[in-house]
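S.K.: Quick note: our numbering has the sequence shown finishing at residue 567, numbered continuously throughout. Questions regarding the structure given below will be posed in turn.
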Amino acid sequence: MRTYGNDDIKVTFGSTKQGAEAKGGSIVKLDDKGNFVEAHSYGNFVERVKGGLKVTRPDGATITMIDGGMTIRNLVPKSVGVRDLCEIKSFTVRTVGQVRICRTDFVDGGHVEVTYSQDNQVLAVAGQNIAKTLTKDDEIIVSQGVSASGHVQ
């Protein structure tokens, strides 16, 4: 059993019995020493990269976890929410050109800004000192706290 990750994210891989098949059409490749190399599962591709792991989803979105940080690219979240309304210190909305920017500041520090298009699509999510969760339905849930890298984009 091997575990890769940081304080926020843990990815654990275990071997199956000799001759056993991975379920769901999954394929896991290990090197000669039994270290994880890559995996294919349910249309997702997971690969080992220098310092961490990279997950590529069928829709092209990538999640890279390297040296304690996490980067999500090409993901269009369905929505962005706050885990606990009691954590909110202030909420402001401003318009810049053709976009709306909603900023939430948290009681114990940190903030998140969500940029929306005219047709209410999420264009960008950025924040400082927040904890974040990505649900299986592509919803981003944020809360106060320190993210692994401090800055999220």
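Every residue, glycine too, gets a C-beta built ideally from N, C-alpha and C. Treat the numbers as computed from the prediction; the structure is a model and nothing was measured.
When DSSP labels each residue in this structure, what does glycine 457 get in the three-state scheme?
M.R.: coil
S.K.: Counting Cβ pairs closer than 8 Å, one from the region 545-557 and one from the region 490-501, do we hit at least three?
M.R.: Output reads yes: the region 490-501 touches the region 545-557.
S.K.: Count the other CB atoms, across all protein chains shown, that sit within 10 Å of the CB of aspartate 481; report buried if there are 16 or more and exposed otherwise.
M.R.: exposed
S.K.: If distances are taken between C-alpha atoms only, which option among Ala545, Phe459, Ser531, Gln532 comes closest to histidine 525?
M.R.: It is Ala545 whose Cα lies nearest to the Cα of histidine 525.
S.K.: Taking the runs of the alpha helix (DSSP H) that are 4 residues or longer, which of them lie wholly in the region 467-552?
M.R.: none
S.K.: Relative to the alpha-carbon of glutamine 532, which residue among Asp552, Arg508, Thr518, Ser455 has its alpha-carbon at the smallest distance?
M.R.: Nearest in C-alpha terms to glutamine 532, of all of Asp552, Arg508, Thr518, Ser455, is Arg508.
S.K.: Just how far apart, CA to CA, sit glutamate 452 and valine 536?
M.R.: 31 Å
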